[in-house]
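Trainee: Just so we're aligned, residue 1 is where the sequence shown starts under UniProt numbering, counting upward by one.
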Amino acid sequence: MGKFFRGLANDTQRALDDYLFTAHPLEGIAQLLHVGDIMHQIYAHPLGLLLKPNALKLGVDTTPHTLLNSDEVVVFTTRYRRTFQSALALLFALLPADKWLALNVRESHSMAFCFSDCSCGQSLVLRKRLMQLADRQLVKRSDVLAVMQWIGGTLIQHTANEGGVTNPFEVVDAMLTVLCHDAALPCRKRNGSRTASTRTHNPELVDVINIDQDEANLANLMPGAAAAAELEQQQQQQQLEEEEAEAAAPNGGCVQASQVDALMSFADELSLRTAQHVYYKRAGLLRSYGMIRHIVGYMLKMISGDRTKFVLYSGHDCTMQYLTAALGIISNRDGKTISYASRLAFEVYRSDAHTDYYFRVVYNGRDVTQQIDFCEGGKSLRVTRDSRGNKADLCPIENIIRFLHEDYFGPLNATNFKEACAASVVQSAKANEF
């Protein structure tokens with residue numbers, strides 16, 4: 001950890017210190033340093049990161065292998081400072097120091113890394129329908145709803161026209177912010193005012209609350225039928241629910257660990273139900289189309305002799321959700337929401353004869369290539385991975401190229417992105433339930 005911060009001790013990085021690191025706990029940096037170390041162990045040899053032993057001086061290593069230069073590493077992050085910090089921490093453990101300091105980091109204006117394929121009203125319609133289904137589940141759980149409204153009203157600042165706290169995942173995100181900063185659970189006095197322990201105005205917490213701004217901005221472009229009377233009714237309902245939850249809260253109106261557990265458990269259950277719904281995959285296809293195009297583009301560059309050897313997208317949980325939904329990858333067997341410091345790797349391989357090219361998909365160290373429809377079964381090449389006889393499945397790169405250009409929009413009854421985004425959502429009986 002100390003070595004990481006010492007690595008930032010040049011004039012440029014000192015100027016960025018306040019912007020980069022004041023809002024993040026050391027635990028978060030440690031997580032990504034650990035992930036970077038794991039990736040170094042796995043990819044150091046193929047990327048040419050290993051130090052060559054110096055035959056003239058026993059025990060002394062020469063400079064890093066010259067196969068990897070800084071311009072062969074491409075880094076993208078979103079506009080949120082924590083994704084930039086995460087990328088730096090991971091790459092610090094992965095790369096030699098001189099390569100790390102020379103990196104050029106590029107900014108994506110979307111959490112989906114959609115680049116030139118972002119605007120899609122239909123993805124918002126699908127997202128809205130999933131949220132409506134989630135709301136129905138939430139209504140059935142008055143205990144969770146009351147706690148969610150109370151915690152959300154304490155931690156999250158909403159303006160009067162936002163209709164209150166309605167998204168359990170937003171509340172979970174805010175709650176995790178408190179827990180990861182090792183702060184006290186939020187409290188409010190009986191008169192409804194917030195105690196200092198809520199840290200609502202703490203600038204260290206602002207960066208990790210309400211992160212879904214690009215989705216919110218898209219929502220504002222959709223034709224709305226929310227009248228003033230409906231908005232007022234929502235606000236009154238929210239106030240009533242908060243008052244009920246506060247009246248039931250023990251210890252002078254402080255959140256209890258059992259209430260946090262109930263909220264987290266509900267979020268995990270809702271996440272699993274959502275991931276199994278047909279709208280989830282369709283929304284994922286639309287939201288991740290630009291990113292998958294980008295990934296495939298870099299795959300083609302790599303096999304065509306381009307200098308690029310490593311590409312990093314430092315994003316958010318929703319980035320991973322869109323991508324795994326589109327490819328049919330079950331990111332968590334138990335249905336839990338995507339955890340911090342998760343990683344999804346696309347590894348590119350070539351045959352010894354340099355005539356055939358393949359890729360493998362690994363989620364948090366687990367090979368998930370066989371979960372992808374166009375890679376499952378006999379569509380992939382099974383090879384021996386190591387001396388112990390462990391096997392790995394390599395999917396031909398032409399499979400993902402064919403999927404992108406021919407089959408991608410099949411589930412959406414369309415042939416291209418523009419057509420898919422303009423099409424109407426066909427509802428079935430099962431589409432109206434979880």
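Every residue gets a Cβ at the ideal spot worked out from N, C-alpha and C, and that includes glycine.
What are the boundary residues of the alpha helix (DSSP H) that includes F403?
Mentor: The residue you call residue 403 lines up with position 403 of the sequence shown. Premise fails: F403 is in no alpha helix (DSSP H) and is neither H nor E.
Trainee: Extract the residue ranges of the beta strand (DSSP E) inside the stretch 358-400, only unbroken runs of 3 or more that lie entirely within it.
Mentor: As far as the stretch 358-400 is concerned, its whole beta strand (DSSP E) runs of at least 3 residues are 381-384 and 391-396.
Trainee: If I measure Cβ to Cβ from I401 and keep anything under 7 Å in the same chain, skipping five residues before and after, which residues do I get?
Mentor: In the sequence shown, counting from the first residue as 1, residue 401 sits at position 401. Excluding positions up to five away in sequence, the list reads V296.
Trainee: Give the straight-line distance between the Cα atoms of N390 and V125, rounded to the nearest whole angstrom.
Mentor: Against the sequence shown, residue 390 aligns to sequence position 390. Against the sequence shown, residue 125 aligns to sequence position 125. Distance between the alpha carbons of N390 and V125 is about 44 Å.
Trainee: Taking the alpha carbon of L412 as the reference point, which residue from S342, Y280, V311 and V362 has its own alpha carbon closest?
Mentor: By 1-based counting over the sequence shown, the position of residue 412 is 412. The candidate whose alpha carbon is nearest that of L412 is Y280.
Trainee: Among V311, G290 and A326, which one has its Cα closest to the Cα of R282?
Mentor: Residue mapping note: residue 282 aligns to position 282 of the sequence shown, counting from 1. It is A326 whose Cα lies nearest to the Cα of R282.
Trainee: In terms of DSSP beta bridges, what is R350 paired with?
Mentor: Locating residue 350 in the sequence shown gives position 350, counting from the first residue. Answer is Y357.
Trainee: Give a yes or no on contact between the stretch 415-425 and the stretch 116-134, applying the rule of three or more CB pairs nearer than 8 Å.
Mentor: With the cut-off at 8 Å, the stretch 415-425 and the stretch 116-134 touch.
Trainee: Here's the rule: buried if 16 or more other CB atoms are within 10 angstroms of the residue's CB, otherwise exposed. What is L94?
Mentor: Stepping through the sequence shown from its first residue, residue 94 is reached at position 94. Classification for L94: buried.
Trainee: With a 10 Å radius around its C-beta and 16 neighbouring C-beta atoms as the bar for buried, classify E433 as buried or exposed.
Mentor: For the purposes of this step, residue 433 is taken as the residue at position 433 of the sequence shown. The residue in question, E433, is exposed, as its Cβ has fewer than 16 Cβ neighbours within 10 Å.
Trainee: Assuming contact is defined by CB atoms lying nearer than 7 Å, are A87 and V75 in contact in what I supplied?
Mentor: Position 87 of the sequence shown, counting from 1, holds the residue named residue 87. Position 75 of the sequence shown, counting from 1, holds the residue named residue 75. Yes.
Trainee: Are at least three pairs of beta-carbons, each pair with one atom in the stretch 341-357 and one in the stretch 287-305, less than 8 Å apart?
Mentor: As far as the Cβ criterion goes, the stretch 341-357 touches the stretch 287-305, which means the pair count is three or higher.
Trainee: Three-state secondary structure (DSSP) at W150?
Mentor: Counting from 1 along the sequence shown, the entry for residue 150 is found at position 150. Helix.
Trainee: Is it the case that the Cβ atoms of S110 and C118 are separated by a distance below 7 Å?
Mentor: What you label residue 110 is simply residue 110 of the sequence shown in a count that begins at 1. What you label residue 118 is simply residue 118 of the sequence shown in a count that begins at 1. Result yes, Cβ atoms of S110 and C118 sit closer than 7 Å.
Trainee: Helix, strand or coil for T415? Go by DSSP, reduced to three states.
Mentor: Here residue 415 refers to the residue found at position 415 when the sequence shown is read from its first residue. It is coil, neither helix nor strand.
Trainee: By how many angstroms is the C-alpha of F409 removed from the C-alpha of T415?
Mentor: Against the sequence shown, residue 415 aligns to sequence position 415. Against the sequence shown, residue 409 aligns to sequence position 409. If you take the alpha carbons of T415 and F409, they lie about 6 Å apart.
Trainee: Under three-state DSSP, which class holds H201?
Mentor: As a first step, residue 201 must be located in the sequence shown, where it is residue number 201. Annotation note: pLDDT 41 at H201 (below 50); position unreliable, no value reported.
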